[in-house]
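Student: When we follow our numbering, the leftmost residue of the sequence shown carries the number 88, and every step to the right adds one. We put the CB at the ideal spot given by N, CA and C, even for glycine. Dropping the structure in here first, questions after.
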Amino acid sequence: MTTTATAPAPTSTNVGMAQIAYLTAGEVARTVLGSCIGLALFHPRKQTAAFAHIVLPTCGGRSGPPGKFADTALPAMLEQLALRGVSKIGLVAKLAGGANMFGGSGPIQIGEANHAAVLELLAAAGIPVVGEHVGGTSGRRVAFDGATRDFTVEIAAGSPVVI
């Protein structure tokens, strides 16, 4: 009789608004995004990754959990990854979200502002974006796999996309 070993199912972590999760192989971060940005940072050859559910572009002097604002989430992610043995050198990013959920045509939409802030911060940190699925007017359900580094994005009435 021959038996075949199967890999255990990944552990799923739901990442709420303003939260940051740190993943290893075998873990998947999941969330639902509207105008928020889901940001995954990882090194292609390391086992630890970070995923943040960013709500607003800047703290502007306001307090809140580090994951709430782009300008506090990225430094917190980098600090915690470094403590886990993953330096900034070689990190890459994938992101999704930034939808225009509230309609209107004001001077700037929060989804666009979130996306622009994250891109600016990543560029300043020297972290390239290797995949993104942003904008539009629909929310997204996303999952980031800590093992494969696949970032799966599902939009209502659409087929899943892997970035």
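(1) Is it true that the CB of Val240 sits closer than 7 Å to the CB of Pro215?
(2) Find the nearest neighbour of Pro131 within the set Lys175, Ala139, Gly151, Val115, judged by alpha-carbon distance.
(3) Of the choices Ser122, Arg227, Asp232, Asp237, whose alpha-carbon is the least far from that of Ser246?
(4) When the Cα of Ala244 is compared with those of Ser225, Ala203, Ala210, which residue comes out closest?
(5) Taking just the CA atoms, how far does Gly223 sit from Met164?
(6) Tell me, which residues are paired with Leu182 by DSSP?
Tutor: In short:
(1) Within the sequence shown, numbered from 1, the residue matching residue 215 stands at position 128. Within the sequence shown, numbered from 1, the residue matching residue 240 stands at position 153. No, the pair does not count as a contact, with Cβ atoms beyond the cut-off.
(2) What you label residue 131 is simply residue 44 of the sequence shown in a count that begins at 1. Nearest of Lys175, Ala139, Gly151, Val115 to Pro131, Cα basis: Lys175.
(3) Taking the sequence shown and counting its residues from 1, the one referred to as residue 246 is at position 159. For the residues Ser122, Arg227, Asp232, Asp237, the minimum Cα distance to Ser246 belongs to Arg227.
(4) As a position in the sequence shown, residue 244 is number 157, starting the count at 1. It is Ser225 whose Cα lies nearest to the Cα of Ala244.
(5) Looking up residue 164 in the sequence shown gives position 77. Looking up residue 223 in the sequence shown gives position 136. Cα to Cα, Met164 sits roughly 27 Å from Gly223.
(6) For the purposes of this step, residue 182 is taken as the residue at position 95 of the sequence shown. Leu126, Glu219, per the DSSP bridge assignment.
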